[in-house]
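Novice: Count along the sequence shown starting at 1, add 40, and that's the number in the working numbering.
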Amino acid sequence: PRIARCLSRMQNPPDVPLGLAVELRPYQLEGYRWLAVRAAAGVGACLADDMGLGKTVQLLALLLQRARQGISLVVAPLSLLANWLAESAGFTPGLRVQRYRPGKPLPPFTRCDVVLASYGEVVANPAVFIARRWNVLALDEAQEIRNRHSLRTRTLCSLTAAARVC
């Protein structure tokens, strides 16, 4: 049954979610639909292409499409978190995105769709992130977990999510 559902979704990929404040280019639309089908099937995905082609907007479209299904977590290098806040405000203004602040509890489901955190913050506070089942777990610059024996990789692999995207 799961394979049949996955195949059915591949034949009928989702439309662009309402609230996306940009028109996706054809290759971005294809990338978004590719992510959405795999997320709906509960399998992971890796989105990789040249810099500047819109991977962030494709992922934001996915996060917007799945926002009603629960809170998502985007983990990125600290230097990129301000960019994530800016791009989410510009491309998905209706998506409620909050920056994780160490030492403070995560926001409740009713006030937030997406939490942004750095790799270092997740590793420094693993219990905060492991305690929750995430809708989508997205790792930006996923080469940060290339060493499978590192504490960072082990911590991030221990998080539970309905869908995973690198």
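Even glycine gets a Cβ: it sits at the ideal position worked out from N, Cα and C.
Near L113, which residues of its chain fall below 6 Å by C-beta distance, leaving aside the five closest residues on each side in sequence?
Specialist: Here the set comprises V155, W174, L177.
Novice: For my contact list, P57 and Q105 are in at a C-beta cut-off of 8 Å; report their separation, rounded to the angstrom.
Specialist: 4 Å
Novice: Which residue comes first and which comes last in the beta strand (DSSP E) that contains N232?
Specialist: Residue 232 is absent from the model: the chain starts at 41 and stops at 206.
Novice: Just list the beta strand (DSSP E) runs in the stretch 92-175, keeping only unbroken ones of 3 residues or longer that don't cross its boundaries, in chain order.
Specialist: 112-116, 137-139, 154-158
Novice: Leaving out five residues before and five after T195 in sequence, what residues of the same chain have Cβ atoms less than 7 Å from its Cβ?
Specialist: V162, V163, P166
Novice: Helix, strand or coil for A203, going by three-state DSSP, please let me know.
Specialist: strand
Novice: In its own chain, which residues sit with a C-beta less than 8 Å from the C-beta of L120, not counting the 5 before and 5 after it?
Specialist: D180, E181
Novice: Do I170 and S198 have their CB atoms nearer than 7 Å?
Specialist: yes
Novice: Using a threshold of 7 Å, state whether the C-beta atoms of Q68 and G94 are closer than that.
Specialist: yes
Novice: With respect to the alpha helix (DSSP H) encompassing C197, which residues constitute its N-terminal and C-terminal limits?
Specialist: 191-197
Novice: Between the C-alpha atoms of Y140 and L64, what's the straight-line distance to the nearest angstrom?
Specialist: 28 Å
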